[in-house]
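Reading through the structure tokens given below for one structure.
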Amino acid sequence: MKLRIICALFLGLIFLRVEAQTAIAISVGGDADKFYPVTFSDPNWNYNKHTTMSIGRSSIHGDQMWVGSMMADFTYHTSNWGNVSNFLDVNLYTVSGKELIAGWVDATSSNASNNIIVWLKGGGLTYHISSAANITATVYDGVQNALPFQEINGPARTYLTAVQDYVNVYGLNYSGSAFFNGGGSNFINGNLGIGIHNPAEKLAVNGNIRAKEVKVEAANWPDYVFRPDYELPSLSVIEKQIKANGHLSEMPSAKEVEANGVKLGELNKLLLKKVEELTLHLIEQNKQMTEMKKEIEKLKKQK
1 MKLRIICALF LGLIFLRVEA QTAIAISVGG DADKFYPVTF SDPNWNYNKH TTMSIGRSSI
61 HGDQMWVGSM MADFTYHTSN WGNVSNFLDV NLYTVSGKEL IAGWVDATSS NASNNIIVWL
121 KGGGLTYHIS SAANITATVY DGVQNALPFQ EINGPARTYL TAVQDYVNVY GLNYSGSAFF
181 NGGGSNFING NLGIGIHNPA EKLAVNGNIR AKEVKVEAAN WPDYVFRPDY ELPSLSVIEK
241 QIKANGHLSE MPSAKEVEAN GVKLGELNKL LLKKVEELTL HLIEQNKQMT EMKKEIEKLK
301 KQK
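The opening residue of the sequence shown carries number 1 in full-length UniProt numbering; numbering runs sequentially from there.
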């Protein structure tokens with residue numbers, strides 16, 4: 001009986017010790033408008049598995065009123081001097097306009113330090129770190145440790161003043177590519193940007209697109225040009241508009257296209273409208289030429 005109690009107490013102490021290693025709190029000093037480099041170790045590297053770490057601030061009023069809250073999960077495996085299978089993925093959710101993380105990087109491309117760097121907002125803020133692994137965190141805020149942090153065989157890392165472009169402050173940040181092999185449909189509710197941040201359209205692409213076919217839905221197709229009641233602009237009116245504006249009426253100017261692009265559906269409608277108007281003018285010109293030929297033939301016969 002005594003042996004069982006001793007064993008239970010021993011196991012309980014081991015459990016408490018492990019739990020204590022999985023949760024630490026760090027404070028980042030320095031200025032409140034700067035993000036300071038904090039190194040986190042990759043203790044699972046030698047165990048041939050990735051490390052998972054959470055950085056959290058549940059309360060927006062932690063340390064200061066309305067300073068910001070954040071939940072961030074880091075999953076990573078460092079390069080450790082070029083072992084290639086490295087990655088650094090982040091699942092980050094923070095309050096818009098009160099960002100607490102400005103960026104991250106694997107600091108081991110030219111060394112075996114087994115560290116990543118995360119830039120955390122300063123000003124004396126507290127961050128709660130939790131992990132199943134025994135992670136070591138070192139803060140370089142000019143108070144606890146001097147700036148810059150010198151990456152071994154690499155650049156000197158100092159504070160940042162803004163969130164970096166590669167950081168998605170509310171969602172997933174993956175360093176690899178994605179293959180969706182399922183045959184089902186995928187749904188994206190918001191806007192999608194390819195090579196562009198903060199897209200204003202459902203799909204924004206900064207680059208070339210190659211497709212076998214593009215279908216553009218359009219209404220009010222310009223068949224009305226061929227109706228008897230359509231007022232066809234005369235060639236003299238068209239000439240005046242071209243001289244005045246430098247382009248056909250209703251068509252966008254070169255400056256407008258350069259600044260805003262073109263809507264393919266609307267442009268195709270306008271182009272077809274102009275082609276149909278041109279066709280009517282050609283038909284009319286053909287009629288006039290036919291009449292002129294007849295008149296010429298009559299004059300020849302009268303001689």
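We put the CB at the ideal spot given by N, CA and C, even for glycine.
(request) Go through its chain and collect everything with a Cβ distance to G171's Cβ below 8 Å, but skip five positions before and after it. (result) Looking up residue 171 in the sequence shown gives position 171. Hits under 8 Å: N91, L92 and Y93.
(request) Would you kindly work out how many angstroms separate the C-alpha atoms of N114 and V262, rounded to a whole number? (result) Here residue 114 refers to the residue found at position 114 of the sequence shown. Here residue 262 refers to the residue found at position 262 of the sequence shown. Between N114 and V262, the C-alpha separation is close to 50 Å.
(message) Please tell me whether S110 and N153 are closer than 7 Å, where the distance is taken between their beta carbons.
(response) On the sequence shown, position 110 is the one that residue 110 refers to. On the sequence shown, position 153 is the one that residue 153 refers to. Yes, Cβ-Cβ distance for S110 and N153 is below 7 Å.
(request) Could you pull the start and end residues of the alpha helix (DSSP H) that G265 belongs to? (result) Your numbering for residue 265 matches position 265 in the sequence shown. L264 to Q302 is the extent of the alpha helix (DSSP H) around G265.
(request) Spatial neighbours of Q164 within its chain, please: CB distance less than 7 Å, with the 5 preceding and 5 following residues excluded, ordered by chain position. (result) Counted from its first residue, the sequence shown places residue 164 at position 164. Cβ within range, chain order: A102 and G103.
(request) Taking S69 and I60 to be in contact with their CB atoms under 8 Å, please state how far apart those CB atoms are, rounded to whole angstroms. (result) The residue you call residue 69 lines up with position 69 of the sequence shown. The residue you call residue 60 lines up with position 60 of the sequence shown. Rounded, the Cβ-Cβ distance is 4 Å, consistent with contact.
(request) List the residues that DSSP assigns as beta-bridge partners of M71. (result) For the purposes of this step, residue 71 is identified with residue 71 of the sequence shown, where counting begins at 1. Paired residue(s): G56 and Y93.
(request) Could you check the C-alpha separation between E231 and P199 for me, to the nearest Å? (result) To locate residue 231, count along the sequence shown from 1; it is residue 231. To locate residue 199, count along the sequence shown from 1; it is residue 199. Each residue's alpha carbon lies about 41 Å from the other.
(request) For residue 306, name the three-state secondary structure that DSSP assigns. (result) The first residue shown for the chain is 1 and the last is 303, placing residue 306 beyond what the model contains.
(message) Using 7 Å as the threshold, is the C-beta distance between residue 304 and R157 below it?
(response) Only positions 1 to 303 of the chain appear in this structure, which leaves residue 304 out of reach.
(message) With three or more C-beta pairs closer than 8 Å as the rule, is the region 254 to 273 touching the region 234 to 245?
(response) no
(message) For the region 135 to 142 against the region 33 to 46, do three or more pairs of beta-carbon atoms, one drawn from each stretch, fall closer than 8 Å, so that the two count as touching?
(response) yes
(request) Report the rounded CA-to-CA distance for H50 versus L270, giving the unit in angstroms. (result) Position 50 of the sequence shown, counted from the first residue, corresponds to residue 50. Position 270 of the sequence shown, counted from the first residue, corresponds to residue 270. Answer to the nearest angstrom: the Cα atoms are 57 Å apart.
(request) Taking 7 Å as the cut-off, decide whether the C-beta atoms of D63 and T161 are in contact. (result) Working through the sequence shown from its first residue, we reach residue 63 at position 63. Working through the sequence shown from its first residue, we reach residue 161 at position 161. Against a cut-off of 7 Å, the Cβ pair of T161 and D63 comes out as no contact.
(request) Report the option in N286, N44, L120 and V67 whose CA atom is closest to the CA atom of Y76. (result) The residue you call residue 76 lines up with position 76 of the sequence shown. For Y76, the nearest C-alpha among the options comes from N44.
(request) Reducing DSSP to helix, strand and coil, say where N260 ends up. (result) As a working mapping, residue 260 is identified with position 260 in the sequence shown. Helix, per DSSP.
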